[in-house]
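Please read the structure below before turning to the comments.
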Amino acid sequence: MPAASRGAIIVGASSGIGAALARELAGRGYTLALLARREDALTALSASLRGSALPVARAYAHDVTDYAAVPGLIERIATEMGSVPLRAVIYCAGIMPLGQGDVWPFDEQRAMIETNTIGAMAWLDAGATALRARGGGTLVGLSSVAGDRGRKGNSAYQASKAALSVYLESLRYRLAGTNVRVVTIKPGFVATPMTATVKTPKPLTSLPEPIARRIAASLDGGAEVVYAPGYWRGIMGIVRALPGAVMKRTTF
């Protein structure tokens, strides 16, 4: 199906990878529904995309922790897309509070689980139902290499992404044999507003645009678990193989 005849929902589209993905899919002719809490940023992004080949880019203010609103919102979006069929639901929303030194406030940790994991579950589960009813499509969850193994530091963020990766894997098996694909995207270090205060090694830090291109490509088939950039698959293979005694001494 040509991209110009497909609709996609991007949850967490106001900045970073989500905004880059909106621009990428706009260039490919998708009709988009852009969701995030920051309505002003969404409206500005949506307006900027209307000068492209995109037929429609609508903004929907939404807090991903409003789980009960998700099924009805998906149906509203699909209806407002009109004759363009919904073919992708992409969850890019995420937060990463950095704590206070060696102290990680529980409310911040809970917020990460609620946004990064439970919000994703609400959207991906409802998205699966919506896509199956409309002839199929692709579900995409933005996980992270941070979920591949526990390390020192932001334990709740790592746990939120590990849980999301396992949920996506389970969803993939549950939907096997149906017309819905499930794709897990695992970026490494990415320069976004969320990581602006985090020191990352520059040679291993990507811009959002290449990650967005990998996500866009995944909508047309290929691997179901995508490390972005691809060299992170090898890096995390080494990290997973390190014994616990080594991990206790590492500082990353």
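Residue numbers for the sequence shown, in numbering that gives the first Met the number 0: 0 to 251.
All residues carry an ideal CB built from backbone N, CA and C; glycine is no exception.
Since residue i sits in a beta bridge, which residues does DSSP pair it with?
i	result
Leu34	Val10 and Tyr59
Gly134	According to DSSP, Gly134 bridges with nothing at all.
Gly140	Tyr90 and Thr183
Val165	According to DSSP, which records beta bridges pairwise, Val165 is partnered with nothing at all.
Tyr226	Lys185
Answer with buried or exposed for residue i, where buried requires no fewer than 16 other C-beta atoms within 10 angstroms of its C-beta.
i	result
Phe105	exposed
Asn260	Because the chain spans 0 through 251 in this model, residue 260 falls outside it and cannot be assessed.
Leu34	buried
Arg239	exposed
Tyr230	exposed
Leu203	exposed
Ala46	exposed
Starting from the Cα of residue i, find the closest Cα among the options and give me that residue.
i	options	result
Pro192	Ala145, Ala18 and Glu38	Ala18
Arg173	Leu123, Glu208, Ser143 and Pro209	Leu123
Arg180	Ser164, Leu170, Met95 and Arg57	Leu170
Gly233	Val144, Val55, Ala216 and Tyr90	Val144
Ala110	Ile94, Glu38 and Asp101	Ile94
Ser159	Ala56, Leu138, Pro96 and Arg248	Pro96
Gly136	Gly146, Ser13, Ala155 and Ser217	Ser217
Ser4	Ala12, Ser13, Val10 and Tyr29	Tyr29
From residue i to residue j, what does the alpha carbon distance come to, in whole angstroms?
i	j	result
Met235	Lys198	19 Å
Gly134	Leu85	9 Å
Val63	Val88	14 Å
Gly98	Thr183	27 Å
Lys201	Leu167	29 Å
Ala67	Arg213	31 Å
Gly126	Val102	36 Å
Lys151	Pro242	14 Å
Leu24	Leu31	8 Å
Arg36	Met246	37 Å
Ala92	Ala244	34 Å
Gln108	Ile210	26 Å
Thr128	Glu74	10 Å
Gln157	Thr249	16 Å
Ser13	Leu20	10 Å
Ser80	Ile237	The question names Ser, but residue 80 in the sequence shown is Met. So the alpha carbons of these two residues sit roughly 45 Å apart.
Asp219	Ser142	19 Å
Give a yes or no on whether the C-beta atoms belonging to residue i and residue j are separated by under 8 Å.
i	j	result
Gly6	Val83	yes
Ala190	Leu206	yes
Arg131	Thr78	no
Glu38	Ala56	no
Asn115	Leu41	no
Gly140	Ala119	yes
Ala215	Arg27	yes
Regarding residue i and the ligand SAM, is the C-beta to nearest heavy atom distance less than 7 Å?
i	result
Ile112	This structure lacks the ligand SAM; in fact it carries no ligand of any kind.
Comparing the C-beta of residue i with each C-beta of chain C, is any distance below 8 Å?
i	result
Gly221	Given the protein chain composition of this structure (a single chain), no chain C is represented.
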